[in-house]
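For the sequence shown, the UniProt record's numbering gives the first residue as 1, with consecutive numbering after it. Below you'll find the structure, written out as structure tokens, and then a few comments.
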Amino acid sequence: MTSPSGLRPAGSARNSYMRGLFLVTLAMLFSSTSGLFVRSLPDLDPWTINAYRGGFMSLSLLAYLLAIYRRATPALFMPPQPVAFLLSATAFGAATTCYVVAISLASSVASVAALSATAPIFAALLAWLVLRERTSPIVLGAAVLAFIGILAIARSEEGSAGGGNGLLVTVLGLGVPLFMALQTVVLKRFAQIDMTPALVIGGFAVAVIVWLLHGIPLLTPKQFLILALMGMLQLAVSLVCFLRGAPHVPAVQTMLIAMGDVLCNPLWPWLIYGERVPFKVFIGGGLIFVAIVIATLWPQLRRRHENVNRMRHQKRQNA
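Below, the structure written as structure tokens:
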């Protein structure tokens, strides 16, 4: 129901905001369980985990689309610009593969979570290079700070028990935010297209590629259940919650809530398995966290300052 002026009542807007806030927070919490799920499957290789995870996610998202759009669902998979689906599906598949392999090799879930958190920094840099979006020196400085944090995490992985994988973990961990940043740029470039079907394609593609190149073994009932929950809850449900909640929450607040993954992802393995965070990872993650806060809040503070100056200038002209 709307008011006579056509505007939504304040109470309705408040309810939408609170519902959006709840859904975005729920999305972050579900998404942050990735490390816990991987640590719960020590006998499976990362390729098998990623194949089943992607397949279960795609089945869950497909069921969601069928429930919402019913007979119109097939039309969603035939976009006017197929290159958008190709880029989005490829970026998603590559990011999830890098993530699962990196966590499987890393000494700590925290190191991969911190590296993955740099996605907004890479997104800003890619938008600057590809879309020619304006990027302030403060954001570029935040990128430098984030890279210092990345170096600290890389040094920690090199000195861990699995030190031989240190460089590989860092490269794969950085692949996650790079491909996520590419996904962000694609979403901005093709904002008029619903990319959920592209994620369905990406998940199925990962499963098929792993099956062809690596093979997919049969699972025990416990492994099957864990991977089914991982694909459904950690990916599909978190994506749906985010897509439904984000439009009702300010972008800055959404980004800050999503950053909770840096804290929650290492928290669950610590609570369940006693996995500790190395000191250098703690320092590097802290630097990355500060860099993301700066990169997220600075554009908003600058815009607010410009608006205040503009209003003051108008008042002087009208005086």
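In this text, a Cβ means the ideal position worked out from N, Cα and C, and glycines have one as well.
{"query": "Which residues in the same chain have their Cβ closer than 8 Å to the Cβ of Ile283, if we skip the five residues on either side of it in sequence?", "result": "Gly149 and Ala152"}
{"query": "Who are the Cβ neighbours of Thr97 in its own chain at under 7 Å, not counting the five residues just before and after it?", "result": "Asn50 and Val206"}
{"query": "Compare the Cα-Cα distances from Leu213 to each of Phe242, Thr48 and Val169 and report the closest residue.", "result": "Thr48"}
{"query": "Going by beta-carbon coordinates alone, are Phe179 and Ala114 separated by less than 9 Å?", "result": "no"}
{"query": "Which class does Phe190 belong to by DSSP, given the choice of helix, strand or coil?", "result": "coil"}
{"query": "Give the secondary structure of Ile103 by DSSP, where H, G and I count as helix, E and B as strand, and everything else as coil.", "result": "helix"}
{"query": "Could you round the C-beta distance between Ser111 and Val281 to whole angstroms and report it? I think they count as a contact, below 8 Å.", "result": "5 Å"}
{"query": "Ignoring anything shorter than 3 residues or poking outside the UniProt domain \"EamA\" (171–296), list the beta strand (DSSP E) runs there in chain order.", "result": "none"}
{"query": "Mind the definition here: the segment 81–89 touches the segment 174–189 only if three or more C-beta pairs lie below 8 Å; say whether that holds.", "result": "yes"}
{"query": "Quick one: give me the first and last residue of the alpha helix (DSSP H) that Phe56 is part of.", "result": "Pro46 to Tyr69"}
{"query": "So the candidates are Met195, Pro42 and Leu59; which of them puts its Cα closest to the Cα of Ala106?", "result": "Pro42"}
{"query": "Distance check for Gly35 and Pro46, CA to CA, integer angstroms please.", "result": "12 Å"}
{"query": "Which residues in the same chain as Gln234 place their Cβ atom closer than 7 Å to its Cβ, once the five residues preceding and following it in sequence are excluded?", "result": "Phe30, Ser31, Thr33, Ser34 and Phe37"}
{"query": "My understanding is that Val262 touches Phe289, with C-beta atoms under 8 Å, so please give their C-beta distance in whole angstroms.", "result": "6 Å"}
{"query": "Is Pro269 near Val101, with beta carbons less than 9 Å apart?", "result": "no"}
{"query": "Could you have a look at Ala72 and say whether DSSP puts it in helix, strand or coil?", "result": "helix"}
{"query": "What's the gap between the Cα of Leu256 and the Cα of Ala95?", "result": "21 Å"}
{"query": "Note down, in chain order, each residue of its chain lying with its Cβ closer than 7 Å to the Cβ of Val208, except the 5 sequence neighbours on either side.", "result": "none"}
{"query": "For the alpha helix (DSSP H) containing Ala113, list its first residue and its last residue.", "result": "Val109 to Ser116"}
{"query": "Anyone know if the C-beta pair for Ala84 and Phe204 falls short of 9 Å?", "result": "no"}
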